[in-house]
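Taking numbering that gives the first Met the number 0 as reference, the numbering of the sequence shown is continuous, increasing by one, and the terminal residue is 350. Below is one structure, written out as structure tokens, with a few remarks after it.
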Amino acid sequence: MSEFPQVKDTIQLIKELVSIPSPSGNTRRVIDFCEQYFSGLNLEMKRNRKGGLLITIPGENADKHRMLTAHVDTLGAMVKEIKSNGRLKLTMIGGFRWNSVEGEYCKIETDSGRTYTGTILMKQTSVHVYKDAGEAKRNEQNIEVRIDEITNSEEETRKLGINVGDFVSFDPRVEITTSGFIKSRHLDDKASTAILLQLIKHIHSKKIKLPYTTHFLISNNEEIGYGGNANVSPETVEYLAVDMGALGEGQASDEYTVSICAKDSSGPYHYGLRKHLVQLAKDNNIDYKVDIYPYYGSDASAAIKAGHDIVHGLVGPGIESSHAFERTHESSLINTQKLLLAYVLSPITEI
């Protein structure tokens with residue numbers, strides 16, 4: 000199997016990706032970045048109408064195709080209301096809990112393109128003022144954004160150009176440790192996106208001939224449920240989503256292996272493809288775990304629900320504290336890289 004790029008390059012790419020704000024619905028900048036990453040490589044690329052990026056690499060067999068996808072859209076928020084005190088009430092984009100963003104720095108992007116910074120806080124934050132500061136519910140009514148501008152009224156905030164519907168993104172706080180961890184918001188799913196971008200560049204630079212024409216979709220609406228439910232060609236037999244392995248009590252996955260999903264909230268993934276991925280991991284000495292994610296859905300399951308007649312699967316690096324304070328280890332990235340390279344070079348799953 001051809002040697003994959005150094006993991007330090009993948010980690011650096013992840014750092015760049017998570018630093019680009021891209022809540023679902025506002026992903027043009029990060030898709031531009033992905034497209035520019037392949038500048039000069041003469042790859043077949045196009046944007047779909049939803050704003051995602053589709054890259055196609057011809058294979059020896061053009062009758063049967065594969066598709067792999069990762070998503071660059073992230074959790075975020077939108078201005079729901081400008082309060083009388085000039086602060087902002089938010090509405091969620093994606094499935095997170097309010098307590099997971101309390102105290103977080105954020106950016107508010109206006110329609111004019113101007114960006115303001117702020118902090119997401121409980122309105123009952125000060126323990127010197129509010130007796131119930133610790134007990135008050137973390138919800139849409141109590142969470143607000145304190146803008147880093149001089150504003151004390153709705154009128155003053157509106158004069159800044161801030162309006163209902165403006166996107167709010169969370170500070171990733173990305174950090175790389177000497178022990179091999181990368182911790183940041185939005186590793187879901189920018190860690191997998193970096194791996195796919197590296198894989199595409201590796202296949203192209205090493206002139207690796209794939210056995211089947213293979214499509215790579217960098218999707219941009221996964222967090223709201225429909226990133227990868229289209230652009231599946233009639234020739235596509237297999238569809239592999241590359242997304243995080245969700246860790247927690249009772250889960251098999253960890254931060255050091257590649258996670259192969261057997262089942263999520265949509266039901267079981269294709270048994271034959273799952274066994275094929277496990278066998279590839281065994282044959283190539285790749286550390287893996289098979290797992291079930293009870294409250295999870297992927298672009299592959301979205302494609303199935305859209306009616307595509309495909310064999311679908313899901314793999315990815317293990318991500319600790321998903322949709323909150325995320326972290327993974329370089330060994331999980333390495334094992335995911337190795338499995339994906341082995342997969343795109345392998346035979347199509349027998350049905």
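The C-beta atom is built at its ideal place from N, Cα and C for all residues, glycine as well. Quick caveat, the model's predicted, so the values are computed rather than measured.
Residue i in three-state terms, based on DSSP
| i | result |
| --- | --- |
| Leu-322 | One detail in the question is off: residue 322 reads as His in this sequence, not Leu. Of the three classes helix, strand and coil, the one that applies to His-322 here is coil, per DSSP. |
| Glu-329 | helix |
| Ser-191 | helix |
| Ser-21 | coil |
| Ala-280 | helix |
| Thr-124 | coil |
| Asn-219 | coil |
| Arg-137 | coil |
| Glu-248 | coil |
| Ala-341 | helix |
| Ile-202 | helix |
| Arg-86 | coil |
| Lys-208 | coil |
| Asn-228 | coil |
| Ile-347 | coil |
| Ile-175 | strand |
| Glu-15 | helix |
| Ser-354 | This structure cannot settle anything about residue 354, because the visible part of the chain is limited to 0 through 350. |
| Val-100 | coil |
Residue i: first and last residue of the uninterrupted beta strand (DSSP E) it sits in
| i | result |
| --- | --- |
| Asp-290 | 287 to 291 |
| Lys-45 | 43 to 46 |
| Glu-425 | The question about residue 425 has no answer, for the chain in this structure spans 0 to 350. |
| Phe-180 | 180 to 182 |
| Val-29 | Looking at the DSSP string, Val-29 is not in any beta strand (DSSP E); the run it does join, the alpha helix (DSSP H), is 27 to 36. |
| Leu-53 | 52 to 56 |
| Ala-77 | The sequence as given places Met at residue 77; Ala does not occur at that position. Where Met-77 is concerned, the enclosing beta strand (DSSP E) stretches over 75 to 81. |
| Tyr-104 | 104 to 108 |
| Arg-145 | 142 to 146 |
Whether residue i touches residue j by CB criterion (9 Å)
| i | j | result |
| --- | --- | --- |
| Thr-213 | Thr-55 | yes |
| Leu-338 | Val-257 | yes |
| Tyr-351 | Thr-90 | With the chain represented from 0 up to 350, any question about residue 351 goes unanswered, as that position is not in the structure. |
| Lys-88 | Glu-148 | no |
| Leu-313 | Cys-260 | yes |
| Ser-320 | Leu-246 | yes |
| Pro-316 | Gly-244 | yes |
| Asn-334 | Asp-286 | yes |
| Ser-264 | Tyr-295 | yes |
| Val-289 | Ala-240 | no |
| Ser-232 | His-64 | yes |
| Ile-10 | Ile-119 | no |
| Val-163 | Glu-101 | no |
Given residue i as reference, the closest of the options once Cα atoms are compared
| i | options | result |
| --- | --- | --- |
| Phe-169 | Trp-97, Lys-288 and Ile-199 | Trp-97 |
| Gly-24 | Gly-266, Ser-232 and Glu-221 | Glu-221 |
| Phe-32 | Pro-233, Gly-102, Ser-178 and Leu-196 | Leu-196 |
| Ile-146 | Asn-41, Val-78 and Val-314 | Val-78 |
| Val-173 | Asp-242, Arg-326 and Leu-272 | Arg-326 |
| Asp-380 | Leu-216, Lys-7 and Phe-95 | As displayed, the chain neither begins before 0 nor continues past 350, which places residue 380 out of reach and without an answer. |
| Gln-35 | Lys-274, Leu-16, Ser-183 and Ser-125 | Leu-16 |
| Leu-74 | Gly-58, Ser-99 and Gly-50 | Ser-99 |
| Leu-353 | Phe-324, Glu-349, Tyr-211 and Asn-219 | Only positions 0 to 350 of the chain appear in this structure, which leaves residue 353 out of reach. |
| Arg-184 | Ser-21, Ala-135 and Ile-309 | Ser-21 |
Limits of the alpha helix (DSSP H) - the one that residue i falls within
| i | result |
| --- | --- |
| Asp-298 | 298 to 304 |
One or two residues paired with residue i in a DSSP bridge
| i | result |
| --- | --- |
| His-353 | Past the boundaries of the shown model lies residue 353; the chain is included only from 0 to 350, so the question cannot be answered. |
| Pro-267 | Lys-262 |
| Asn-162 | Bridge partners of Asn-162: none, in fact. |
| Pro-316 | Val-257 |
| His-311 | Tyr-238 |
| Arg-65 | Thr-213 and Glu-237 |
| Gly-94 | Gly-94 pairs with nothing; no bridge assigned. |
| Ile-149 | Ile-149 is not bridged to any residue. |
| Val-167 | Ala-76 and Ile-107 |
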